[in-house]
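K.L.:
Below you will find the structure I want to go over with you.
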Amino acid sequence: MNATDRTETFQQISADAGGLCLSLAEANGHVDDLDSALARQARVFADLGAEVARMAEANSTVNTSASEALAATGRARDCVGDGQREVATITDGIQTLSGEVAAIGQRIDALQTALERVNRVISDILSIARTTNILAINAAIEATRAGRAGAGFMVVAREIKALSNQTQDASEEIQTTLGGLAEQTGALISASEGARDRAGALRQRSEGVDAVMLRIAGAVDDVVTRQHAIAEAASRSGQALTQFRTGIAGISEGVADSSTRLSDLRQELYGVLGKGENLIGLCARLGVTTVDTPYVTAVKSTAAAISAAFEQALTAGMIGIDDLFDTDYRPVPGSDPAQVMSRMTAITDRLLPAHQEPLLELSPRVVFAACVDRNGYLPTHNLKFSQPQRPNDPVWNAANCRNRRIFNDRVGLGAGQSTRPFLLQAYRRDMGNGQFVMMKDVSAPIFVQGRHWGGLRLAYKA
């Protein structure tokens, strides 16, 4: 095999390796998408599982509360039953008392009637006694007129008068006593009528209380029935939630396992992709001209020029070595996406545009040229990507304000941390709205006074 054949062979190997790297990068991009989707699903399932757990806890609380309420309602129903029995006993007693009061009233009425009859008899006796007294007086007068012949009759007349007077006095005393009894009997009748009325009213009220207790008992029974239904529903819901939570846990574990396997696959793809990129670099280092050679040459020479510019700035006292290597990144307030500043940022803004901007003219395929430190911090971007951020517009800012950002993805860290003469990487660039462009990124290291500062990235469409 002559030199020409070897060159063509290496060129074909480089081209095939480049195509393989692009295919692997695209496949890796799809794996990243799927991994991100699985991660989102895992978070969703985790949140869903947590929410189901909270629902189950709340359902358990409802079930416990329903059981406690059911027990309390059962006790209330027992109390209502006791109250009903007590009210029934009181009602029976009131009805008995009412009957007894009515019977006493009837007896008092009969007593009043008897007293009235006795009073009438006493009145008759009193009338007879008065008449007898008058007759005795008349008899005494006649006996006096009769002289000695009427002396015996006079004695009888006086006895009759004395007896009549005694009868009259006794009758008047009895009549007076009967009058007092009549007054007391009248008072008893009035009191009996009042007691009878109050007993009747109390009986009606007790009957009303009994009706209320019946309604309360019915309401309590209805509550018990409903609480039984609530408790049963809560129990069924708890069982369903437990089954659902078990299912969610199983799905979540499956998603997490799939995500782990995808991460492993992504690492394997990264390894294969790295080997392909190394193969392309090996071909370039062997002096074989490939489609990437112009970009490799340009980035290596520009990186060397930037190293020289940094060293000149140190010599001129424009910045100190510690400031140039500063990694104390300070957030820019209100930036979205987040931007950061470092003590190196001012000098990079001053020196880098003169080296980075000409690389954009290398080819229409070039997208950007920018330096990153070993942490992926990009202090100074191309002018077109260094616009001031707009408030509350993170989408526009992400596309147009890419300076002062940290790009610590695989490609960004690879470019910043590689110390090889150059590093060629392939990746898929997200253009938004589901659009992607396959890219190549060639970088060369930047050394300052023997220390590795970072690297210069040159990204172009594949």
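Residue numbers for the sequence shown follow our numbering, beginning at 5 and rising by one.
Virtual Cβ for every residue (Gly too), placed ideally from N, Cα, C.
Values in this document were obtained by computation on a predicted structure and should not be read as measured data.
Can you grab the Cα-Cα spacing for the pair residue 343 / residue 299, in whole Å?
P.N.:
Here the question's residue 343 lines up with position 339 in the sequence shown. Here the question's residue 299 lines up with position 295 in the sequence shown. Each residue's alpha carbon lies about 29 angstroms from the other.
K.L.:
With burial defined as no fewer than 16 other Cβ atoms inside 10 Å of the residue's Cβ, what is the status of residue 232: buried or exposed?
P.N.:
As a position in the sequence shown, residue 232 is number 228, starting the count at 1. Classification of residue 232: exposed, given that the 10 Å Cβ count is below 16.
K.L.:
May I ask you to report which of helix, strand or coil DSSP gives residue 460?
P.N.:
On the sequence shown, position 456 is the one that residue 460 refers to. Reduced to three states, the DSSP call for residue 460 is strand.
K.L.:
Suppose contacts are defined by Cβ-Cβ distances below 8 angstroms. Is residue 460 in contact with residue 351 by that definition?
P.N.:
Position 456 of the sequence shown, counted from the start, is the residue given in the question as residue 460. Position 347 of the sequence shown, counted from the start, is the residue given in the question as residue 351. No, Cβ-Cβ distance for residue 460 and residue 351 is not below 8 angstroms.
K.L.:
Can you tell me whether residue 380 is buried or exposed, with buried defined as 16 or more other CB within 10 angstroms of its CB?
P.N.:
Counting from 1 along the sequence shown, the entry for residue 380 is found at position 376. Buried, since its Cβ has 16 or more Cβ neighbours within 10 Å.
K.L.:
Terminal residues of the continuous alpha helix (DSSP H) containing residue 327?
P.N.:
Start at 1 with the first residue of the sequence shown, and residue 327 comes out as number 323. Run containing residue 327: 325 to 328, per the alpha helix (DSSP H) assignment.
K.L.:
Using 10 angstroms around the beta-carbon of residue 449, count the other beta-carbons present and answer buried if the total reaches 16, otherwise exposed.
P.N.:
Your numbering for residue 449 matches position 445 in the sequence shown. By the neighbour-count rule (16 or more Cβ atoms within 10 Å), residue 449 is buried.
K.L.:
For residue 70 versus residue 238, is the C-beta distance shorter than 8 angstroms?
P.N.:
Within the sequence shown, residue 70 is the residue found at index 66, counting from 1. Within the sequence shown, residue 238 is the residue found at index 234, counting from 1. Contact flag set, yes.
K.L.:
Is it a yes or a no for the segment 449 to 458 touching the segment 418 to 429, going by three-plus beta-carbon pairs under 8 angstroms?
P.N.:
yes
K.L.:
Determine the direct distance from the alpha carbon of residue 302 to that of residue 462, and round the result to whole angstroms.
P.N.:
Working through the sequence shown from its first residue, we reach residue 462 at position 458. Working through the sequence shown from its first residue, we reach residue 302 at position 298. So the alpha carbons of these two residues sit roughly 9 angstroms apart.
K.L.:
By alpha-carbon positions, which one of 187, 399, 407 ends up nearest to residue 391?
P.N.:
Here residue 391 is taken as the residue at index 387 of the sequence shown, counted from 1. For the options 187, 399, 407, the alpha carbon positioned closest to that of residue 391 is the one of 407.
K.L.:
Please tell me whether residue 84 and residue 228 are closer than 8 angstroms, where the distance is taken between their beta carbons.
P.N.:
Locating residue 84 in the sequence shown gives position 80, where the first residue counts as 1. Locating residue 228 in the sequence shown gives position 224, where the first residue counts as 1. At a Cβ-Cβ threshold of 8 angstroms, residue 84 and residue 228 do not count as neighbours.
K.L.:
State whether the segment 167 to 174 contacts the segment 132 to 151, with contact taken as three or more CB pairs (one from each stretch) at a distance under 8 angstroms.
P.N.:
Short answer: they touch.
K.L.:
Please state if the CB of residue 360 and the CB of residue 386 are separated by a distance shorter than 8 angstroms.
P.N.:
Stepping through the sequence shown from its first residue, residue 386 is reached at position 382. Stepping through the sequence shown from its first residue, residue 360 is reached at position 356. In this structure, residue 360 lies closer than 8 angstroms to residue 386 by Cβ.
K.L.:
So what's residue 303 in DSSP terms, helix, strand or just coil?
P.N.:
As a first step, residue 303 must be located in the sequence shown, where it is residue number 299. Here residue 303 sits in helix by DSSP.
K.L.:
Spell out the partners DSSP gives residue 452 in its beta bridges.
P.N.:
For this step, residue 452 is matched to residue 448 along the sequence shown. In DSSP, residue 452 forms a bridge with 455.
K.L.:
For residue 409, which residues from the same chain have a beta carbon less than 7 angstroms from its beta carbon, with the 5 sequence-adjacent residues on both sides left out?
P.N.:
Here residue 409 is taken as the residue at index 405 of the sequence shown, counted from 1. Cβ neighbours of residue 409 beyond the five flanking positions: 341, 343, 382.
K.L.:
Out of 99, 334, 432, state which residue places its alpha-carbon closest to the alpha-carbon of residue 413.
P.N.:
Your numbering for residue 413 matches position 409 in the sequence shown. Looking at the Cα atoms, 432 is the closest of the given residues.
K.L.:
Put residue 62 into one of helix, strand or coil per three-state DSSP.
P.N.:
Numbered from 1 along the sequence shown, position 58 holds the residue referred to as residue 62. Look at residue 62 here: in three-state DSSP terms it is helix.
K.L.:
Which residue wins for smallest C-alpha separation from residue 305, given the options 212, 353, 425?
P.N.:
What you label residue 305 is simply residue 301 of the sequence shown in a count that begins at 1. That would be 425, whose Cα lies nearest to the Cα of residue 305.
K.L.:
Whose C-alpha, out of 258, 378, 373, is nearest the C-alpha of residue 384?
P.N.:
As a position in the sequence shown, residue 384 is number 380, starting the count at 1. It is 373.
K.L.:
Which stretch, first to last residue, makes up the alpha helix (DSSP H) that contains residue 376?
P.N.:
Here residue 376 refers to the residue found at position 372 when the sequence shown is read from its first residue. Note, residue 376: premise wrong, no alpha helix (DSSP H); beta strand (DSSP E) at 370 to 377.
K.L.:
How about residue 429 and residue 415: are their beta carbons less than 8 angstroms apart?
P.N.:
Here residue 429 is taken as the residue at index 425 of the sequence shown, counted from 1. Here residue 415 is taken as the residue at index 411 of the sequence shown, counted from 1. Against a cut-off of 8 angstroms, the Cβ pair of residue 415 and residue 429 comes out as a contact.
K.L.:
Determine the burial state of residue 296: buried for a count of at least 16 other Cβ atoms within 10 Å of its Cβ, exposed for fewer.
P.N.:
For the purposes of this step, residue 296 is taken as residue 292 along the sequence shown, with counting starting at 1. When all chains shown are included, residue 296 counts as buried.
K.L.:
From the DSSP output, which residues share a beta bridge with residue 442?
P.N.:
Walking along the sequence shown from the start, residue 442 turns up at place 438. Paired residue(s): 432.
K.L.:
Hey, residue 464 and residue 443: beta-carbon distance below 8 angstroms or not?
P.N.:
What you label residue 464 is simply residue 460 of the sequence shown in a count that begins at 1. What you label residue 443 is simply residue 439 of the sequence shown in a count that begins at 1. Yes.
K.L.:
Which residues in the same chain as residue 121 place their Cβ atom closer than 8 angstroms to its Cβ, once the five residues preceding and following it in sequence are excluded?
P.N.:
Here residue 121 is taken as the residue at index 117 of the sequence shown, counted from 1. Within the same chain, residue 121 has no close Cβ partners at all.
K.L.:
Which whole-angstrom value describes the C-beta separation of residue 235 and residue 67, a residue pair presumed to lie in contact below a C-beta threshold of 8 angstroms?
P.N.:
As a working note, residue 235 is residue 231 in the sequence shown. As a working note, residue 67 is residue 63 in the sequence shown. With a Cβ gap of about 6 angstroms, residue 235 and residue 67 count as contacting.
K.L.:
Using the Cα positions of residue 14 and residue 258, report the straight-line distance between them to the nearest angstrom.
P.N.:
Along the sequence shown, read from residue 1 onward, the residue named residue 14 stands at position 10. Along the sequence shown, read from residue 1 onward, the residue named residue 258 stands at position 254. Reliability fails at residue 14, whose pLDDT of 49 lies under 50, so the model's placement of it is uncertain and the value that follows must be treated cautiously. Going from the Cα of residue 14 to the Cα of residue 258 covers about 45 angstroms.
K.L.:
What did DSSP end up calling residue 295 once you bin it into helix, strand or coil?
P.N.:
Taking the sequence shown and counting its residues from 1, the one referred to as residue 295 is at position 291. Looking at residue 295 - three-state DSSP - the assignment turns out to be coil, as it is neither helix nor strand.
K.L.:
Among 107, 250, 438, whose alpha-carbon lies nearest the alpha-carbon of residue 192?
P.N.:
Walking along the sequence shown from the start, residue 192 turns up at place 188. The option with the nearest alpha carbon to residue 192 is 107.
K.L.:
What's the gap between the Cα of residue 321 and the Cα of residue 357?
P.N.:
As a first step, residue 321 must be located in the sequence shown, where it is residue number 317. As a first step, residue 357 must be located in the sequence shown, where it is residue number 353. For residue 321 and residue 357, the distance between alpha carbons rounds to 20 angstroms.
K.L.:
Considering Cα atoms alone, identify which of 434, 375, 185 is closest to residue 399.
P.N.:
Counting from one through the sequence shown, the residue named residue 399 turns up at place 395. Minimum Cα distance to residue 399 is reached at 434.
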